[in-house]
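Sequential numbering from 4 applies to the sequence shown in the numbering used here.
Here is the structure we will look at, set down as structure tokens.
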Amino acid sequence: MGVNQSFKLSAIVGIWESLNLHPTVMIYQSKKIHFLSMLHVSDNGQAKPAIYEIQKEDNRYFVVEAFKRLYISYDAVKDSISISYYGEYLRN
């Protein structure tokens, strides 16, 4: 099956850990909207949560962070997601 751009968001709900030491990501549903949440840590150690609504265009899911689209893909075989810029994540 491999990497899939067209998948149900319910398949990726959960907590995901980065293979590249980027922030851990949580994907969850609230009412009919799915969100991606991550904890950014500043240089002085302050943790700042960020929550992004997952959007869809042309059968591709993405979030907008600092005016950039970060695309989300899912590999059902490896049960991993990939977030553009941040790389690959495995389910916790």
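For every residue, glycine included, the Cβ atom is placed at its ideal position computed from N, Cα and C.
Bear in mind that the values here come from a model prediction, so they are computed numbers and not experimental data.
Worksheet item: Among Glu-68, Phe-10, Tyr-74, Leu-93, which has the Cα closest to the Cα of Ile-54?
Response: Numbered from its first residue, the sequence shown carries residue 54 at position 51. The option with the nearest alpha carbon to Ile-54 is Glu-68.
Worksheet entry | Contacts around Ala-15, its chain only, beta-carbon distance under 7 Å, and the 5 residues preceding and following it disregarded | Counted from its first residue, the sequence shown places residue 15 at position 12. Here the sequence assigns Ile to residue 15, which means Ala is not the residue at that position. Contacts found: Ile-30, Tyr-77, Ile-84.
Worksheet entry | Exposure of Val-28, with buried meaning 16 or more beta-carbon neighbours within 10 Å | In the sequence shown, counting from the first residue as 1, residue 28 sits at position 25. Classification for Val-28: buried.
Worksheet item: Based on Cα-Cα distance, which residue from Asn-95, Ala-79, Glu-56 lies nearest to Lys-11?
Response: Against the sequence shown, residue 11 aligns to sequence position 8. Among Asn-95, Ala-79, Glu-56, the Cα nearest to that of Lys-11 is on Ala-79.
Worksheet entry | Delimiting residues of the beta strand (DSSP E) encompassing Asn-52 | By 1-based counting over the sequence shown, the position of residue 52 is 49. In the sequence as presented, Asn is not what sits at residue 52; that position holds Pro. 50-56 is the extent of the beta strand (DSSP E) around Pro-52.
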